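**Q** There's a structure below that I have some questions on.
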Amino acid sequence: MGAKTLLSHSFRIAWKDLTELFRNRLGLVLLIVMPLFMMVMVGFIYPSNGTVNNLQVGLVNEDSGFNNLNASQSFIMGLQAINNQTHMLIISNVSSVADIRDMVQRGDLEGGIIIPSNFSTSIMTGQQGTLIIVSDESNPQISATIQGVLKTVFDEMGTAVAQQKVQALNVTNTLAVVKPFNVQTQGIVSGNPTYFDFIAPGIMAMTVMMSVMTGLPVAISQEKEVGTMDGMMVAPINRLSIILGKALGQTARGLIQGIIILVLAVGLFGVAIQGSILLVFGLLLLGVFAFVGLGIVITSFTKDQETAQMLMMTLMFPMMFLSGVFFPIQQMPWYMQDISKILPLTYASDALRKVMVLGAGVPQISTDLIVLIVFGVVMIAIAVPVFRRMMTR
Amino acid sequence: MANASIIEVKNLTKTFNKFTAVDDISFDVKKGEIFGLLGPNGAGKSTILRMLSTLARPTKGTATIGGHDIVKDDTEVRKLIGIVSEKMIMYNRLTAKENLWFFGSLFNIPKDVLTKRVDELLELVQLTQWKNAQVGTFSTGMRQRMNVVRALLNMPQVLFLDEPTLGLDPQSSVEIREFIKKLNRENGATVVITTHMMVDADLLCDRIAIIDHGKIEALDTSANLKKIISGADTTIIKLSIPNLSSVLIENLQALKCADAVTQENSTELKILVHGDEAFDNIIDAIRANGGKISSMENLQPTLEDVFLHITGHQVRDSADQKIPMAHRHFGEAPRRVR
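Chains as they are written, first to last, in numbering that gives the first Met the number 0: chain A, 0 to 392; chain B, 0 to 337.
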């Protein structure tokens, strides 16, 4: 049988699968709603750029002064001046350290600042003035944020004080003396990528994977269970047409979902695509191809739809979390990084991210491409004989 | 070539793990005949059909259809056959026309021929006015008709039907039976049909193979099968006993002359008996147990009686007890917890 007949039969089967899909109204709605939920969820629950505002902080001033001079007063004024611009903190006066602890425990405060009794004395006698930051250990993230914010504020105030002192020495650029190093951060593309820019390519890759892996058990096992597969099996067609047709149908389905996500990401969440949009489509297609083989292998090994879907779920969850879709792989311990390196989703989302966020071209993502192609080919090579054997038991 | 065989089956065997579903069977089907495989559920009928229609591989043995081996030349075999499965082979979300189009397009039928054929087939089963409705909305009878014509798209020389009247109301069953007969008469198609319905087998089939536990127990025309009973000096009697008791039935079963005793309802018994003194023995036994006979009738043998005579149990019995039957048959096979 010629390649033309083989392909024409596969197209028929794919067409049939897609017609069924488009006639299923609720299924079609879910096909769009699922990626929408995914995007809205990750798009809105994750904070963009660490903009934390209005943290409740208590201030205890125990400073006893030095020769009627009170350094803490000018410090507090400076602190309030800076905070009026940034609104990061809401500062309230608290009478004692014990009160801070009590209020943190009750949840009224998220942290505290203590100015010790010897603050003025230290500064006036030429020593360092010490400030104490009280943090809420039950909430490490907020606690770290407060520490960061306060350190920045104290740092700025310290610099201002130092500049005043240095000015007395007749130096033209006081800042160069006090802070000889100035640090600036620059990305390799213009603009200011948010966490959402980081996560959108991963979500795309993941949705495409989920679409294929949940669609295949239905497409194959259900036909087996209902008996319609027999109708195709008794036709004088190559077994390969059935696999190809099924794969084509699922690819189209996955691609549709991927495009929905892309449109949502760009239209609703303002994600900018730095690289070629064609390359993005190409990558989505390649991602689908890589998972189709895996999906067929799993479906062939399982007896019914239910088992197939359970097995798919079992495989999908680790993939979702270990493939760097939500968390950078570099954060993981080395053994987890090793596992993530064998998952195809890692490469699909990595390549998509490089193209979408960094504007990479084919040469920059060649490793990802090769891994995905090899994985897909190997899986299809396993899938075809396994599928044939399952079909004629 | 009226008597040439179109299907030749030799020592066909199929085992699933340790369970032998089809046990070394051989038979021929002549071109143009309606051949019935009669037996209870789980007897192996469907497995035979699945092997012949290339959907399952035989463990041992061979079979040819139109001279083509069902394993080596499966593609050639598929061109010759059509199968009406017990399961409905159709997609609920496609229309009647689309369903037939889809399956037809897998047979390399030229487009114009296929278009015409789809219309003809829909007309044949009076579904033309519903051709653009999704088959999911069809009644069971309509679906079964669809299921049958789907198998006719490639004008098969051999049509396999797996329990075609299962779950149908009497009227639809009659329609399907008439349709199968018409196909056989007008198109000269050879029909192989599996059933556990005696009526189907009796009314439709030229020859019947009685299958039990994966083996062919008897193979002949309906009339000849019935002669097994009359020829074997076996008589079927129907007895009405108002005060029927289980003790009485047990005692009758113990009698040497009684081949089989079945209870028809609360007062009636059907007994297959043989031997010259059978009547006397039966009547004596009933009297001895205090039974009163209100009527006694001599029955013409039916296929049901033939089945009972050959296998020692009723088709219905085992059909209703598919699982215990299978277990008994599994023998020492390990129990699997799923």
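Every residue gets a Cβ at the ideal spot worked out from N, C-alpha and C, and that includes glycine.
None of these values were measured; they are calculated from a predicted model.
1. Please return the same chain residues whose Cβ sits closer than 8 Å to the Cβ of A/SER63, not counting the five positions on each side in sequence.
2. Does any residue of chain B bring its CB to less than 9 Å from the CB of A/ALA234?
3. Cβ of B/LEU203 within 8 Å of any heavy atom in the ligand FAD?
4. Note down the Cα distance separating B/LEU11 from B/THR61, rounded to an integer number of angstroms.
5. Would you report the Cα separation of B/ASP73 and A/ASN237, rounded to the nearest angstrom?
6. Would you say B/THR63 lies against chain A (beta-carbon separation less than 9 Å)?
7. Any idea which residues DSSP pairs B/ASP27 with across the strands?
8. My understanding is that B/THR194 touches B/VAL28, with C-beta atoms under 8 Å, so please give their C-beta distance in whole angstroms.
9. Please list, in chain order, all residues of the same chain as B/GLY103 whose beta carbon is under 8 Å from its beta carbon, the five residues on each side excluded.
10. Helix, strand or coil for B/THR189 per DSSP?
11. Which of helix, strand or coil does DSSP assign to B/SER167?
12. Would you mind telling me which residues of chain A sit closer than 8 Å to B/ILE5, beta carbon to beta carbon, in chain order?
13. What does the alpha-carbon distance come out to for the pair A/ASP98 and A/ILE89?
14. Taking a contact to mean a Cβ-Cβ separation below 9 Å, would you say A/VAL385 touches A/PHE300 in this structure?
15. Rounded to whole angstroms, what's the CA-CA distance from B/ASP319 to B/MET145? Just pull it up for me.
16. Taking A/GLY278 as the reference, give the member of A/VAL361, A/LEU6 and A/LEU58 with the closest Cα.
17. Going along chain A, which residues have a C-beta under 8 Å from B/ASN107?
18. So which residues of chain B does A/ARG11 contact, with C-beta pairs closer than 8 Å?
19. Going by alpha carbons, who is nearest to B/ARG237 out of B/ILE281, B/LEU218, B/GLN143 and B/SER52?
20. Would you say A/ARG387 reaches chain B, if we count a Cβ-Cβ gap shorter than 9 Å as a contact?
21. Show which residues of chain A have a CB atom less than 9 Å away from the CB atom of B/ARG149.
22. Within 10 Å of its beta-carbon, does A/THR4 have 16 or more other beta-carbons around it, so buried, or fewer, so exposed?
23. Quick check on the DSSP output: what are the complete alpha helix (DSSP H) runs of length 4 or more inside the stretch 190 to 252 of chain B, in order along the chain?
24. Considering Cα atoms alone, identify which of B/LYS269, B/THR310, B/ASP275 and B/LEU51 is closest to B/LEU298.
25. For A/HIS86, count neighbouring Cβ atoms within 10 angstroms of its own Cβ and tell me buried if that reaches 16, exposed if not.
26. Can you tell me whether A/THR366 is buried or exposed? The criterion is at least 16 other CB atoms within 10 Å of its CB, across all chains shown.
27. Would A/THR158 and A/LYS178 be called neighbours here (beta carbons separated by less than 9 Å)?
28. Sort B/ARG56, B/LEU51 and B/GLU263 by Cα distance to B/ILE64 and report the nearest one.
29. With distances taken Cα to Cα, identify the nearest neighbour of A/ALA271 among A/PRO332, A/LEU215, A/ARG352 and A/GLN256.
30. I'd like the list of long-range same chain contacts for B/GLU267, defined as Cβ closer than 6 Å, with 5 residues on each side in sequence excluded.
31. Checking 9 Å against the spacing of the C-beta atoms, do B/ILE88 and B/LEU54 come in under that value?
32. To the nearest angstrom, report how far apart A/ARG402 and B/GLY213 are at their CA atoms.
33. What is the DSSP secondary structure of B/PHE18, reduced to helix, strand or coil?
34. Using beta-carbon positions only, say whether A/ILE260 and A/ALA199 come within less than 9 Å of one another.
35. Could you tell me whether any Cβ in chain B is nearer than 9 Å to the Cβ of A/ILE217?
36. Is the Cβ of B/LYS86 closer than 9 Å to any Cβ of chain A?
**A** Let me spell this out:
1. Start at 1 with the first residue of the first sequence, and residue 63 of chain A comes out as number 64. Cβ within range, chain order: SER116, ASN117, SER119 and THR120.
2. Here the question's residue 234 of chain A lines up with position 235 in the first sequence. True, the Cβ-Cβ gap to chain B drops below 9 Å.
3. Among the ligands in the structure shown, none appear at all, so the ligand FAD cannot be discussed.
4. Mapped onto the second sequence, residue 11 of chain B falls at position 12. Mapped onto the second sequence, residue 61 of chain B falls at position 62. Their backbone Cα atoms lie some 6 Å apart in a straight line.
5. What you label residue 73 of chain B is simply residue 74 of the second sequence in a count that begins at 1. What you label residue 237 of chain A is simply residue 238 of the first sequence in a count that begins at 1. About 11 Å.
6. Your numbering for residue 63 of chain B matches position 64 in the second sequence. No, no contact with chain A.
7. Indexing the second sequence from 1 puts residue 27 of chain B at position 28. DSSP, once it has assigned bridges, lists B/GLU7 as partnering B/ASP27.
8. The count along the second sequence starts at 1 and reaches residue 194 of chain B at position 195. The count along the second sequence starts at 1 and reaches residue 28 of chain B at position 29. The Cβ separation is near 15 Å, so there is no contact.
9. On the second sequence, residue 103 of chain B is found 104 positions in, with the first residue counted as 1. Cβ neighbours of B/GLY103 beyond the five flanking positions: LEU113, ARG116, VAL117, LEU152 and ASN153.
10. Locating residue 189 of chain B in the second sequence gives position 190, where the first residue counts as 1. The three-state reading of DSSP puts B/THR189 in strand, counting E and B together.
11. For this step, residue 167 of chain B is matched to residue 168 along the second sequence. Contrary to the premise, residue 167 of chain B reads as Leu rather than Ser in this sequence. It is coil, neither helix nor strand.
12. Here residue 5 of chain B refers to the residue found at position 6 when the second sequence is read from its first residue. Chain A residues near B/ILE5: none, gap ~17 Å exceeds 8 Å.
13. Start at 1 with the first residue of the first sequence, and residue 98 of chain A comes out as number 99. Start at 1 with the first residue of the first sequence, and residue 89 of chain A comes out as number 90. Rounded to the nearest angstrom, the two C-alpha atoms are 17 Å apart.
14. Counting from 1 along the first sequence, the entry for residue 385 of chain A is found at position 386. Counting from 1 along the first sequence, the entry for residue 300 of chain A is found at position 301. Cβ distance < 9 Å, so A/VAL385 and A/PHE300 count as in contact.
15. On the second sequence, position 320 is the one that residue 319 of chain B refers to. On the second sequence, position 146 is the one that residue 145 of chain B refers to. With a pLDDT of 41 at B/ASP319, under the threshold of 50, the modelled position of this residue cannot be trusted; read the value that follows with caution. About 28 Å.
16. Here residue 278 of chain A refers to the residue found at position 279 of the first sequence. A quick correction: the sequence has Leu, not Gly, at residue 278 of chain A. Selected option, being the one with the closest Cα: A/VAL361.
17. Taking the first residue of the second sequence as 1, we reach residue 107 of chain B at position 108. THR4 and PRO235, listed in chain order.
18. Here residue 11 of chain A refers to the residue found at position 12 of the first sequence. Those are PHE101, SER104 and LEU105, listed as they occur along chain B.
19. As a first step, residue 237 of chain B is located in the second sequence; it is residue number 238 there, counting from the start. Looking at the sequence provided, one finds Lys at residue 237 of chain B rather than Arg. Comparing Cα positions, the closest option is B/ILE281.
20. Mapped onto the first sequence, residue 387 of chain A falls at position 388. Answer no: the Cβ-Cβ gap between A/ARG387 and chain B never drops below 9 Å.
21. Your numbering for residue 149 of chain B matches position 150 in the second sequence. Here the neighbours are GLY230.
22. The residue labelled residue 4 of chain A in the question sits at position 5 within the first sequence. Exposed, because fewer than 16 other Cβ atoms sit within 10 Å of the Cβ of A/THR4.
23. The qualifying runs are 197 to 203 and 221 to 230.
24. Translated into positions along the second sequence, residue 298 of chain B becomes position 299. Looking from the CA of B/LEU298, the closest CA among B/LYS269, B/THR310, B/ASP275 and B/LEU51 belongs to B/LYS269.
25. Locating residue 86 of chain A in the first sequence gives position 87, counting from the first residue. Its Cβ having fewer than 16 others within 10 Å, A/HIS86 is exposed.
26. Your numbering for residue 366 of chain A matches position 367 in the first sequence. Counting Cβ neighbours within 10 Å, A/THR366 comes out exposed, since fewer than 16 surround it.
27. Here residue 158 of chain A refers to the residue found at position 159 of the first sequence. Here residue 178 of chain A refers to the residue found at position 179 of the first sequence. Their beta carbons are under 9 Å apart, which means A/THR158 touches A/LYS178 by this criterion.
28. The residue given as residue 64 of chain B occupies position 65 in the second sequence. For the residues B/ARG56, B/LEU51 and B/GLU263, the minimum Cα distance to B/ILE64 belongs to B/LEU51.
29. Here residue 271 of chain A refers to the residue found at position 272 when the first sequence is read from its first residue. The shortest Cα separation from A/ALA271 among A/PRO332, A/LEU215, A/ARG352 and A/GLN256 belongs to A/ARG352.
30. The residue given as residue 267 of chain B occupies position 268 in the second sequence. Taken in chain order, the residues that qualify are SER239.
31. Residue numbering aside, residue 88 of chain B sits at position 89 when the second sequence is read from its first letter. Residue numbering aside, residue 54 of chain B sits at position 55 when the second sequence is read from its first letter. Taking 9 Å as the Cβ cut-off, B/ILE88 and B/LEU54 do not qualify as a contacting pair.
32. No statement about residue 402 of chain A is possible, as the shown extent of chain A runs from 0 to 392 and does not include it.
33. The sequence position of residue 18 of chain B within the second sequence is 19, counting from 1. Residue state, collapsed to three classes: strand.
34. Reading the first sequence from its first residue, position 261 is the one you call residue 260 of chain A. Reading the first sequence from its first residue, position 200 is the one you call residue 199 of chain A. Yes, the pair counts as a contact, with Cβ atoms nearer than the cut-off.
35. Residue mapping note: residue 217 of chain A aligns to position 218 of the first sequence, counting from 1. The sequence as given places Val at residue 217 of chain A; Ile does not occur at that position. No, because no Cβ of chain B sits closer than 9 Å to the Cβ of A/VAL217.
36. Taking the first residue of the second sequence as 1, we reach residue 86 of chain B at position 87. So, interface residue.
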